[in-house]
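A.B. asks:
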Amino acid sequence: MAIREDVLVVGGGIAGATAALAAAETGAQVRLLSHKKSTLRQASGLIDVLGAVGDNGTEVEPSGLVADPFEAVERLPNSHPYRVVGAAGIRDGLRVFDEAVGDAYAGTHTDRNALVLTHGGTVKPTARYPESVAPGLASAAEKTLLVGFAGLTDFDAPVAASHLDAAGVPFEVDGATVPFPVEFRDDALTTRLAKALDTDESGARRGLTDAVADHLDGHERVGFPAMLGDDDRREVRAELEDRLGAAVFEIPTGPPSLLGLRLEDLLFDALDEAGVRLSSGNPAVGYEAADGRIESVLVDRRGREVPYAADEFVLATGGLVGKGIDSDRESVSEPVFDCHVPHPEDRYDWSEPAAFGAHEFARFGVVPDGDLRPTDGSGDADFENLRAAGGVLGGADTAREKSAAGVSIATGAYAGRRAGESVTGREAEEATR
Amino acid sequence: MSDAESPQTTESIEPNEQRASPDPDFEPVSVFDDDSTMDLRPGADNCYKCSVCDTTCPVAEVDDDFPGPKFQGPEQWRLKRKDEGEIDDSIMSCSNCMRCDDACPSSVPLSQMHNAARGEYVDEQMDKLSVEYVRNRVLANYRTSAWFASKVPRLANFAMNFGPARWLMEKAMGVTSEREFPAFAAQTFREWWRERGGADASRENARAARERRGEAVDAEKKVAYFHGCYSNYNTPEVAKALVRVFESFGYEIVAPEQRCSGTPMFANGMLADAERAAEVNVSSFADLVERGYDAVASCTSCSMALKQEYPELFDIDGIDEVAENTFEALEYLRIQEDLEGQIAEASVEEQAFAYHAPCHARNQGVDRQAIELFRDLDGVVVEDVGDSCSGISGTYGWKEEKYETSMKIGGDMFEHMHDAAGDVGMTECPTCAMQMEHGTGYEIKHPLQLLEEALC
Ligand SMILES: Cc1cc2nc3c(=O)[nH]c(=O)nc-3n(C[C@H](O)[C@H](O)[C@H](O)COP(=O)(O)OP(=O)(O)OC[C@H]3O[C@@H](n4cnc5c(N)ncnc54)[C@H](O)[C@@H]3O)c2cc1C
Ligand code: SF4
Ligand code: SF4
Chain A
703 MAIREDVLVV GGGIAGATAA LAAAETGAQV RLLSHKKSTL RQASGLIDVL GAVGDNGTEV
763 EPSGLVADPF EAVERLPNSH PYRVVGAAGI RDGLRVFDEA VGDAYAGTHT DRNALVLTHG
823 GTVKPTARYP ESVAPGLASA AEKTLLVGFA GLTDFDAPVA ASHLDAAGVP FEVDGATVPF
883 PVEFRDDALT TRLAKALDTD ESGARRGLTD AVADHLDGHE RVGFPAMLGD DDRREVRAEL
943 EDRLGAAVFE IPTGPPSLLG LRLEDLLFDA LDEAGVRLSS GNPAVGYEAA DGRIESVLVD
1003 RRGREVPYAA DEFVLATGGL VGKGIDSDRE SVSEPVFDCH VPHPEDRYDW SEPAAFGAHE
1063 FARFGVVPDG DLRPTDGSGD ADFENLRAAG GVLGGADTAR EKSAAGVSIA TGAYAGRRAG
1123 ESVTGREAEE ATR
Chain B
815 MSDAESPQTT ESIEPNEQRA SPDPDFEPVS VFDDDSTMDL RPGADNCYKC SVCDTTCPVA
875 EVDDDFPGPK FQGPEQWRLK RKDEGEIDDS IMSCSNCMRC DDACPSSVPL SQMHNAARGE
935 YVDEQMDKLS VEYVRNRVLA NYRTSAWFAS KVPRLANFAM NFGPARWLME KAMGVTSERE
995 FPAFAAQTFR EWWRERGGAD ASRENARAAR ERRGEAVDAE KKVAYFHGCY SNYNTPEVAK
1055 ALVRVFESFG YEIVAPEQRC SGTPMFANGM LADAERAAEV NVSSFADLVE RGYDAVASCT
1115 SCSMALKQEY PELFDIDGID EVAENTFEAL EYLRIQEDLE GQIAEASVEE QAFAYHAPCH
1175 ARNQGVDRQA IELFRDLDGV VVEDVGDSCS GISGTYGWKE EKYETSMKIG GDMFEHMHDA
1235 AGDVGMTECP TCAMQMEHGT GYEIKHPLQL LEEALC
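Going down the list, the protein sequences come from chains A and B.
Be aware that the first sequence starts at 703, since it is given in my numbering, and climbs by one per residue.
Be aware that the second sequence starts at 815, since it is given in my numbering, and climbs by one per residue.
1. On a Cα-Cα basis, can you pick out the residue from Gln926(B), Gln1249(B) and Trp891(B) that is closest to Leu1085(B)?
2. Given 8 Å as the limit, tell me if Pro954(A) has its C-beta closer than that to any heavy atom belonging to ligand 1.
3. Which residues, taken in chain order from the stretch 1221 to 1243 of chain B, show a beta carbon closer than 7 Å to some beta carbon of chain A?
4. Measure the C-alpha to C-alpha separation of Val762(A) and Ala1098(A) and round it to an integer number of angstroms.
5. CB-CB under 8 Å to Glu1215(B), same chain, minus the five flanking residues each way: which ones, in chain order?
6. By the criterion of Cβ-Cβ separation under 8 Å, what are the contact partners of Asp878(B) in chain A?
7. If you draw a straight line from the alpha carbon of Ala1090(A) to that of Pro1076(A), how long is it in whole angstroms?
8. In chain order, what residues of the same chain have a beta carbon less than 7 Å from the beta carbon of Glu1086(A), not counting five sequence neighbours either side?
9. When a residue counts only if its C-beta is closer than 7 Å to some heavy atom of ligand 3, which residues count, in chain order?
10. Starting from Lys1259(B), follow the alpha helix (DSSP H) in both directions and report where the run begins and ends.
11. Give me the Cα-Cα distance between Ser1029(A) and Ser920(B), rounded to the nearest whole angstrom.
12. Which one of Gly877(A), Pro779(A), Phe886(A) and His811(A) has the shortest CA to CA distance from Ile953(A)?
13. Got a sec: does ligand 2 put a non-hydrogen atom nearer than 8 Å to the Cβ of Val873(B)?
14. Using a Cβ-based criterion (distance less than 8 Å to any ligand heavy atom), does Ser1029(A) qualify as near ligand 1?
15. What would DSSP say about Lys942(B), mapped onto helix, strand or coil?
16. Taking all protein chains shown into account, do 16 or more other C-beta atoms lie within 10 angstroms of the C-beta of Pro883(B), making it buried, or fewer, making it exposed?
17. Within 10 angstroms of its Cβ, does Glu1131(A) collect 16 or more other Cβ (buried), or is it exposed?
18. Using only CA atoms, which one of Asn860(B), Ser1075(B) and Val1096(B) lies nearest to Tyr1044(B)?
19. Does ligand 1 have a heavy atom nearer than 8 Å to the CB of Ala774(A)?
20. Relative to the alpha-carbon of Ile1273(B), which residue among Tyr935(B), Glu1034(B) and Pro1050(B) has its alpha-carbon at the smallest distance?
21. Give the single residue among Glu1036(A), Gly1005(A), Arg964(A) and Val1068(A) whose Cα lies nearest to the Cα of Gln744(A).
22. Over what stretch of residues does the alpha helix (DSSP H) that includes Leu1147(B) continue unbroken?
23. Determine, for Phe1080(B), whether the minimum Cβ-Cβ distance to residues of chain A falls below 9 Å.
24. Is it right to say Ala1030(B) is buried, meaning 16 or more other beta carbons lie within 10 angstroms of its own, or is it exposed?
25. Does the CB of Asp974(A) have a neighbour CB from chain B at under 9 Å?
26. Secondary structure at Gln1165(B), three-state DSSP: helix, strand or coil?
27. How far does the alpha helix (DSSP H) with Pro927(A) in it extend, from its first residue to its last?
28. Using a Cβ-based criterion (distance less than 8 Å to any ligand heavy atom), does Thr892(A) qualify as near ligand 1?
29. Determine the contact status of Leu891(A) and Thr869(B), defining contact as a CB-CB distance below 9 Å.
30. Taking only beta-carbon positions, decide if Ile716(A) is within less than 9 Å of chain B.
31. State buried or exposed for Leu943(B), treating a residue as buried only when at least 16 other CB atoms are found within 10 Å of its CB.
32. So is Ala1053(B) buried or exposed if we call it buried at 16+ other beta carbons inside 10 Å?
33. Distance cutoff 9 Å, beta carbons only. Does Leu1017(A) sit that close to anything in chain B?
34. Checking contacts by CB at 9 Å: is Lys1035(B) closer than that to chain A?
35. For a contact defined as C-beta to C-beta under 8 Å, what are the partners of Cys864(B) on chain A?
36. Looking at C-beta atoms only, is the number of pairs between the stretch 1120 to 1137 of chain B and the stretch 970 to 987 of chain A that lie closer than 8 Å three or more?
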């Protein structure tokens, strides 16, 4: 068998990327295998660690916003992945993340959640956010102008401003819609708008500031949807600030999200830097095992199953969205290793009738042991050398708790480090023998 | 002569000699149900409009008039369900790079939809007497021109790049005069192969190598080489490198009868031409696969066609078996042999390369292998020039009206090539190589050539 590594991580989202980075830190040779482009391209680019916890620990109330996620971990149910890795695990995950993205992200100065403005006009608690988002935090009481672009239906600045106002933010906020300075077709891509600002196509930067100037009435900061340049984004923002004489910040958008694309680039550059091998384009579809250990993962390369061998494996294929968890009418399953995924017999119990109720399916996922190894129905680890991380783990309602990326990096870092140590520790042992 | 070699496997076949096709009407297969026509509309339902495909499309990034893959694929199919509307002509601006496939989180079969739409557009809406149609057909049937040219390579090299002739080609045919036509080799790969002794010589070389490697002399190590047109007519050094590298690992090689893989035909919506070529290729490779051969290709678009586009678009006997047993050359060695170990022990003269991964390598998941492998090769620095598309996409960048878009798309790559330490380029795709050379003036090598230098 020719394709062989110390650690093979399956899944190229934020959990897989973090796991691969953490495993590489231990000196192990790591490969990251991903079927599709990462779901990071759709994500907002924010790293939510824990934004909401219910008081009694079992129910999550959207109203119970969390100020300090580390302290709130204790209040989560025992089955929550954070209870396996603990506050120390979250810190380690954030460390791996912070080192990978460097000064492109802010939020490292405090344990407490930052409140970020969203494109829907709400305020969201998050732990790490792109530096371009930083000047727009809700905690700064500065008179704020939100600017949207005509034709870009995703972000309606006046509506967002009135929502924020109604939510009682501690500052005055207004919204304005201006035409984008370069003419594009109606459904123009956000990437093309960003590129136009990057290259200053037809004087786009000046055109934009001229259009905004009319609405600038003592506003101390101006927020735009996150499409202010791509490669030269710092330069773009600096020039806009200079021309407007106000701070300029970005507001995270829905998919396709430039902040998500940038985060994907940052993480994949870090993986490359760390010497992690990357394979994408083909799915893992099965495995070969002996004596309770996985020997290889089978990758479907257009009809031919090719074994990818390793000593340790990390499953980071995501939840229902990432396709790490599969569901059909009858059952819910984990398709690569066929790990046990508990779910109610009756399909009608999967979801609550109320749209935002505590959906059972939101918590669907594999059940880890104390070392993040997926377990069978009776609580024993399925395989000695398989750990799971991120959305594929059950027990967290990440959308309601606002903890998705946090759970992914905390469990990713834990699973990756443990996998790497198992190999390098074993190698060290063999060397001394 | 054993049964492993039938005489025709080393024979050169005239490109315009047509096989009798059992069914001249194009009849694409269905992927989603047992219906006999290709109905991709259910695939359109999987689209949840996240637009991630649009953000990966290299054409949409630079061409504001191109509505992008989401429109070309799911939206167009949805519209078609409502009434029998026409296919939007923007489909001809899609370069068939297939990047959107890889991006879609919901597995919408985008490039398959584009291929089908393009086929329908060309069949039903394009004027068969138009310059565009004729030009596309000539470009798509590169092998026919190349076959003629190879008979008189020196004259062809002169004539093809002769100023007034190029001016006329641009004016009358819409073939850009900005590009230099690739040179035709004085001796084609097949001529060389025949002169060298064909499959018999290869078997002997392979047996000697197995003996040297301490493997069983009779080991079943057999590959059928799909060299494609370009390495036959233009870059036989790539094909020769493949032969020598594979033989050194103990593989005996046959070079069966073959046509164009069909890639340029898919991209130009000439599905009937592509199917005729596919029939010849499948029939000659299916026999060999049945006899235990694996198919290997040195061009990533050729392996892509055999692995994915054939079974997606055509219904030919043996097509699935061929698809399942087709590999890109390096990929094959990595799966079967300890290539990494051998590379780690080898060394070559100091050299630095600027590597570009072709889109079609990306789609097969082999876009990182050259970088990974050569990282460990003593004397060599290989730098990835980033994940942008080279912009040429086969015949696309040859069209006068697409030239500018093509160069715009390639801009990022040229820039990164200049920034890289090396001043030799590296890629698996012959048309990407053309574009790299055109944009930078660098000499371009195929990974197999470096492998040959390291191991043979
Ligand atoms: C629209 C959207 C918005 C989001 N917004 C936020 C936000 O504001 N804040 C926040 O904290 N988080 C957010 N997230 C969540 C976050 O980005 C991650 O999706 C989440 O943390 C789960 O990460 P993951 O790595 O476990 O899985 P995923 O991100 O789902 O990644 C799974 C990966 O595994 C691959 N894969 C799946 N099956 C296979 C297989 N068989 N073989 C090989 N590879 C496979 C997939 O291709 C994918 O690359 C958002 C997500 C989405 C989709
Ligand atoms: S195949 Fe390439 S050019 Fe065509 S729509 Fe898809 S991404 Fe765009
Ligand atoms: S990526 Fe897939 S799901 Fe998203 S818009 Fe494109 S086709 Fe639709």
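Yeah, the Cβ is synthetic: ideal placement off N, Cα and C, and Gly gets one too.
C.D. replies: According to the structure shown:
1. Against the second sequence, residue 1085(B) aligns to sequence position 271. The shortest C-alpha separation from Leu1085(B) is found at Gln926(B).
2. Here residue 954(A) corresponds to residue number 252 of the first sequence, with the count starting at 1. Yes; taking the cut-off as 8 Å, the Cβ of Pro954(A) has a heavy atom of ligand 1 nearer than that.
3. none
4. For the purposes of this step, residue 762(A) is taken as residue 60 along the first sequence, with counting starting at 1. For the purposes of this step, residue 1098(A) is taken as residue 396 along the first sequence, with counting starting at 1. Low confidence applies here, because Val762(A) scores a pLDDT of 44, under 50, leaving its location unreliable and the question unanswered by this model.
5. Locating residue 1215(B) in the second sequence gives position 401, where the first residue counts as 1. Same-chain partners within the cutoff: Gly988.
6. The sequence position of residue 878(B) within the second sequence is 64, counting from 1. Per Cβ cutoff of 8 Å: Phe886, Arg887, Ala890 and Arg894.
7. As a working note, residue 1090(A) is residue 388 in the first sequence. As a working note, residue 1076(A) is residue 374 in the first sequence. About 6 Å.
8. Along the first sequence, one-based indexing puts residue 1086(A) at 384. Around Glu1086(A): Gly994 and Arg995.
9. Asn860(B), Cys861(B), Tyr862(B), Lys863(B), Cys864(B), Ser865(B), Val866(B), Cys867(B), Asp868(B), Pro883(B), Lys884(B), Gly887(B), Pro888(B), Cys914(B), Ala917(B), Cys918(B), Pro919(B), Ser920(B), Val922(B) and Leu924(B)
10. If you number the second sequence from 1, residue 1259(B) lands on position 445. First-last for Lys1259(B): Glu1257 to Lys1259, but that is the beta strand (DSSP E), not the alpha helix (DSSP H).
11. Reading the first sequence from its first residue, position 327 is the one you call residue 1029(A). Reading the second sequence from its first residue, position 106 is the one you call residue 920(B). Using only the alpha carbons, I get a separation of about 14 Å.
12. Counting from one through the first sequence, the residue named residue 953(A) turns up at place 251. Ile953(A) has its Cα closest to that of Gly877(A), out of Gly877(A), Pro779(A), Phe886(A) and His811(A).
13. Indexing the second sequence from 1 puts residue 873(B) at position 59. True, at least one ligand heavy atom lies under 8 Å from that Cβ.
14. Working through the first sequence from its first residue, we reach residue 1029(A) at position 327. Not under cutoff, so the answer is no.
15. For the purposes of this step, residue 942(B) is taken as residue 128 along the second sequence, with counting starting at 1. Correct three-state label for Lys942(B): coil.
16. The residue labelled residue 883(B) in the question sits at position 69 within the second sequence. With 16 or more Cβ atoms within 10 Å of its Cβ, Pro883(B) is classed as buried.
17. Your numbering for residue 1131(A) matches position 429 in the first sequence. Exposed is the call here.
18. As a position in the second sequence, residue 1044(B) is number 230, starting the count at 1. For the residues Asn860(B), Ser1075(B) and Val1096(B), the minimum Cα distance to Tyr1044(B) belongs to Ser1075(B).
19. Mapped onto the first sequence, residue 774(A) falls at position 72. Outside the cutoff, so no.
20. Only positions 815 to 1270 of chain B appear in this structure, which leaves residue 1273(B) out of reach.
21. Taking the first residue of the first sequence as position 1, residue 744(A) is located at position 42. Selected option, being the one with the closest Cα: Arg964(A).
22. By one-based count along the second sequence, residue 1147(B) stands at place 333. DSSP places Leu1147(B) inside the alpha helix (DSSP H), whose first and last residues are Ala1143 to Gln1150.
23. Against the second sequence, residue 1080(B) aligns to sequence position 266. Output row for Phe1080(B): interface = no.
24. Position 216 of the second sequence, counting from 1, holds the residue named residue 1030(B). Burial call: exposed.
25. Here residue 974(A) refers to the residue found at position 272 when the first sequence is read from its first residue. Interface residue, yes.
26. In the second sequence, the residue the question calls residue 1165(B) occupies position 351. If DSSP states are grouped into helix, strand and coil, Gln1165(B) belongs with the strands.
27. Position 225 of the first sequence, counted from the first residue, corresponds to residue 927(A). Careful: Pro927(A) lies outside any alpha helix (DSSP H), inside the beta strand (DSSP E) at Arg923 to Pro927.
28. Counting from 1 along the first sequence, the entry for residue 892(A) is found at position 190. Thr892(A): no, Cβ never under 8 Å from ligand 1.
29. Translated into positions along the first sequence, residue 891(A) becomes position 189. Translated into positions along the second sequence, residue 869(B) becomes position 55. Result yes, Cβ atoms of Leu891(A) and Thr869(B) sit closer than 9 Å.
30. For this step, residue 716(A) is matched to residue 14 along the first sequence. False, the Cβ-Cβ gap to chain B never drops below 9 Å.
31. Numbered from 1 along the second sequence, position 129 holds the residue referred to as residue 943(B). Looking at its Cβ environment, which holds fewer than 16 other Cβ atoms inside 10 Å, Leu943(B) is exposed.
32. The sequence position of residue 1053(B) within the second sequence is 239, counting from 1. So Ala1053(B) counts as buried.
33. On the first sequence, residue 1017(A) is found 315 positions in, with the first residue counted as 1. No, its Cβ sits nowhere closer than 9 Å to a Cβ of chain B.
34. As a working mapping, residue 1035(B) is identified with position 221 in the second sequence. So, not an interface residue.
35. By 1-based counting over the second sequence, the position of residue 864(B) is 50. Under the 8 Å cutoff, chain A gives Gln744, Pro957 and Pro958.
36. no
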